[in-house]
Amino acid sequence: MILALILSLITTSFAWGEVYYVDPKNSVASDLNLGTLNLPWKTIQKAAEVAVAGDTVYVKNSIYRERIEVKNSGTSYERMITFQALGNNVIIKGSDMVTNWTLWKDKIWKRENWPVNSQQVFIDGIPLDQIGGNRWFSPHRLPAKGKGVDDLTSGSFYYDEQKKILYVRLKDGGNPNHHVVEASVRPLLFLLRDKNFIKLSGFKFMHSNTIAFIKTGWPCVSISGNNCIIENNEVSWCDFGGLGATGNSLIVRNNVSNYNGNSGMGFSGHNIQLESNVTNYNNYRGFNMNWHAGGIKSVQLKNSVINHHTAVGNNGPGIWCDGDCDDVTISAARVYGNSGNGIFYEISKRGLIINNIVYENAGNGIYISASESCKVFNNLLYANKRGLVLHGVPRKGHVLKNNLAENNILVDNIEVDIVVARLVPEVVDNRTDYNLFYQRRGKLQLKFGHDQIYQSLDNWVSRTGYDTHSVIEDPKFVDVEKYDFHLVIGSPAIGKGNPNSLVQEDFDGVSRDSTKEDIGPYKFKLNRAQQQ
């Protein structure tokens with residue numbers, strides 16, 4: 254019995270692991286301490302070097318100007334290494350403060366002996382425009398604004414790499430010594446190199462400087478490993494990507510990655526679960542959106558789910574799966590106001606794109622490009638430049654085949670409602686049906702290939718064989734002006750869809766009827782006003 258008790262205590266202690274604290278505001282904080290509550294460490298990096306499987310690191314509110322690389326792995330979900338922010342302002346910055354400015358000329362100030370090619374400069378938290386571009390990415394991937402210090406305009410900066418001088422010109426022409434000036438200097442702020450069972454929760458990351466050091470452009474928070482959990486973090490104002498991960502069986506949930514230089518998030522690997530993340534207003538630096546930019550851009554993402562994602566106002570696509578993605582579900586996303594395509598599934602396979610609300614994007618609402626065996630079901634496509642596009646061919650080595658689009662509502666798309674590529678050897682077995690079309694101001698536009706346009710649904714059906722069960726009627730939304738696309742009593746979308754087992758819930762998580770399907774992302778349900 255005594256032996257059993259001893260073994261139990263040992264096992265329990267081992268399972269719990271150690272608890273460490275980081276608190277640089279504590280007057281006795283030091284990395285020479287034991288990392289206890291009363292004798293905390295000063296840096297997160299110290300904790301990242303010490304923590305082993307089962308340990309938890311609590312990090313208190315402060316601004317941390319450091320780069321963090323985790324040394325060890327956890328061993329299971331019960332024995333993860335956990336990094337947990339205590340409070341809402343645990344901020345890791347890749348920037349350093351810049352002081353000792355001297356006037357150069359004409360409201361332009363300089364800081365000599367600045368050793369880093371800073372890609373971002375912030376004045377009281379507001380970014381300046383970069384003049385001169387980047388030696389690896391300009392002019393094609395990052396079009397440069399001007400060439401040198403003489404091209405500085407109001408609210409801009411320039412770095413002379415040969416002379417090691419940083420120049421700024423404030424928007425009001427003022428003295429930078431009277432402001433908080435921060436310049437990005439550190440390339441990666443949180444890094445896992447093939448580490449497993451790590452949990453990162455509640456941190457804020459900003460101001461990375463990756464493309465000054467890395468030619469390919471990396472995310473500020475860079476995860477390489479398996480079975481990790483990344484949750485409740487904010488990543489913003491990073492010079493290239495915000496949050497990126499490569500690995501298997503990852504959980505990424507409730508993170509916000511906005512206002513990054515190129516893109517909000519990017520993933521590669523198997524069985525990655527993305528839930529309720531936000532990627533808004535990315536590519537503020539103006540990278541070529543046809544190369545790499547936007548809310549999410551993932552490559553070789555497989556057997557994964559992007560659910561309840563929000564992608565708004567990105568300078569590029571909202572959600573982009575590009576290149577050898579396979580069996581990716583994009584569901585219940587709200588994607589609008591992006592400069593490129595809303596949802597873009599390119600040279601990939603078996604995409605399941607369901608229950609999404611996609612509107613007012615400057616490109617295609619949903620674009621299936623040179624991909625195969627994709628299902629596009631129960632989406633809302635409203636006021637995009639083009640609604641649903643099945644095309645992207647010819648493209649060497651890729652086909653457009655066996656794609657099916659059903660139960661979608663397409664309303665007021667500007668140039669065209671649907672585009673389907675012509676039947677050529679690499680284009681076979683693509684179908685659209687059970688869709689609902691409506692134009693409040695314009696005319697129906699259905700395009701076969703690049704030039705054959707039909708403004709009559711009957712002609713479209715007879716010439717192409719598509720949309721034999723589709724209709725043209727007002728879908729009757731609750732309030733389209735307020736972007737409330739729920740259905741009201743009498744909507745022609747109610748019960749007119751084609752039931753299928755792949756769409757078991759609607760956008761709100763309400764179970765769908767297996768025998769009678771409503772068209773669009775919402776199942777019809779009476780609200781209190783309609784019941785009275």
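For the sequence shown, the working numbering gives the first residue as 254, with consecutive numbering after it.
For each residue, glycine too, the CB sits at the ideal point set by N, CA and C.
Residue i, enclosing beta strand (DSSP E) - first and last residue
i: R506; result: G494 to R506
i: I483; result: I482 to E484
i: W354; result: Segment: none, W354 is in no beta strand (DSSP E) and carries neither H nor E.
i: S584; result: D579 to S584
i: W544; result: Neither: W544 is in no beta strand (DSSP E) and is coded neither H nor E.
i: D711; result: No beta strand (DSSP E) contains D711, which is instead part of the alpha helix (DSSP H) from L710 to T717.
i: N314; result: T309 to Y317
i: E271; result: Per DSSP, E271 belongs to no beta strand (DSSP E) and is neither H nor E.
i: T685; result: R684 to D686
i: G340; result: I334 to K346
Strand pairing of residue i, partner residues [DSSP]
i: Y512; result: Looking at the DSSP assignment, Y512 forms no beta bridge with any residue, so it has no partner.
i: M518; result: L496 and I549
i: R439; result: None, per the DSSP bridge assignment.
i: N617; result: R639
i: V402; result: DSSP output for V402 lists no bridge partner at all.
i: G750; result: E770
i: D565; result: Here residue 565 turns out to be Val, not Asp, going by the sequence shown. In DSSP, V565 forms a bridge with Y589.
i: P472; result: G494
i: A792; result: A query on residue 792 cannot be resolved here, the shown segment of the chain reaching from 254 to 785 and no further.
i: D737; result: D732
Residue environment, residue i, which counts as buried when at least 16 other CB atoms sit within 10 Å
i: I742; result: exposed
i: T355; result: exposed
i: G645; result: buried
i: Y330; result: exposed
i: T532; result: buried
i: G276; result: Correcting the residue identity first, residue 276 is Asp in this sequence and not Gly. The residue in question, D276, is buried, as its Cβ has 16 or more Cβ neighbours within 10 Å.
i: K299; result: buried
i: D377; result: exposed
i: H431; result: exposed
i: R716; result: exposed
i: G340; result: exposed
i: E659; result: buried
i: T335; result: buried
i: R587; result: buried
i: D732; result: exposed
i: R675; result: exposed
i: V763; result: exposed
i: L653; result: buried
Cβ separation of residue i and residue j, assumed to be a contact under 8 angstroms, to the nearest whole Å
i: G500; j: P472; result: Going by Cβ atoms, the distance from G500 to P472 rounds to 13 angstroms, so no, they are not a contact pair.
i: R538; j: R439; result: Between R439 and R538 the Cβ distance is about 18 angstroms, and since that is not below 8 angstroms, they are no contact.
i: I549; j: A564; result: 7 angstroms
i: Y635; j: Y612; result: 4 angstroms
i: G702; j: N666; result: With a Cβ gap of about 18 angstroms, G702 and N666 do not count as contacting.
i: E435; j: M350; result: 6 angstroms
i: K346; j: I316; result: 6 angstroms
i: L740; j: Y775; result: 6 angstroms
i: N286; j: N314; result: Not quite, the Cβ-Cβ distance comes to about 19 angstroms (not below 8 angstroms), so this is no contact.
i: Q373; j: W490; result: 7 angstroms
i: Y719; j: V680; result: That pair is no contact at about 13 angstroms.
i: N567; j: N535; result: 5 angstroms
Own chain, CB closer than 7 angstroms to residue i, minus 5 neighbours either side, in chain order
i: R394; result: F540, N541 and W544
i: Q698; result: E668, V669, D670, I706 and Q708
i: Y411; result: I384, G385, G401, V402, L405 and Y420
i: A282; result: D276, P293, W294 and K295
i: H651; result: I600 and A623
i: F777; result: L740, S744, I747 and D771
i: T289; result: Y274
Where the alpha helix (DSSP H) containing residue i begins and where it ends
i: R364; result: Taken as a continuous stretch (DSSP letters only), R364 belongs to no alpha helix (DSSP H), being part of the beta strand (DSSP E) at I361 to R364.
i: I297; result: I297 to V303
i: D413; result: That residue, D413, is in no alpha helix (DSSP H); its beta strand (DSSP E) goes S409 to D413.
Same chain, Cβ closer than 8 angstroms to residue i, neighbours up to 5 away in sequence not counted
i: T470; result: It is worth fixing the name first, because residue 470 is Gly in this sequence and not Thr. F390, T463, I464, F493, G494, N515 and H545, listed in sequence order.
i: T264; result: The pLDDT assigned to T264 is 39, lower than 50, so where the model puts this residue is not dependable, and the model offers no usable value.
i: L755; result: L605, I607, K628 and F630
i: P647; result: V677 and E679
Check: residue i C-beta below 6 angstroms from any heavy atom of the ligand GDP
i: V763; result: What this structure holds is no ligand at all, so the ligand GDP is not there to describe.
Chain-order list of residues whose beta-carbon lies under 6 angstroms from that of residue i (same chain, five-residue window excluded)
i: S601; result: C574, C578 and S624
i: K769; result: G748
i: A722; result: This sequence places His at residue 722; Ala is not what is there. So the qualifying residues of the chain are D686 and Y687.
i: N486; result: F456 and N508
i: I504; result: I482 and Q526
i: I418; result: K363 and E365
i: I476; result: L445 and A498
i: V272; result: T309
i: M459; result: K346, S489 and W490
i: L657; result: K628 and R684
i: N594; result: P570, G616, N617 and Y620
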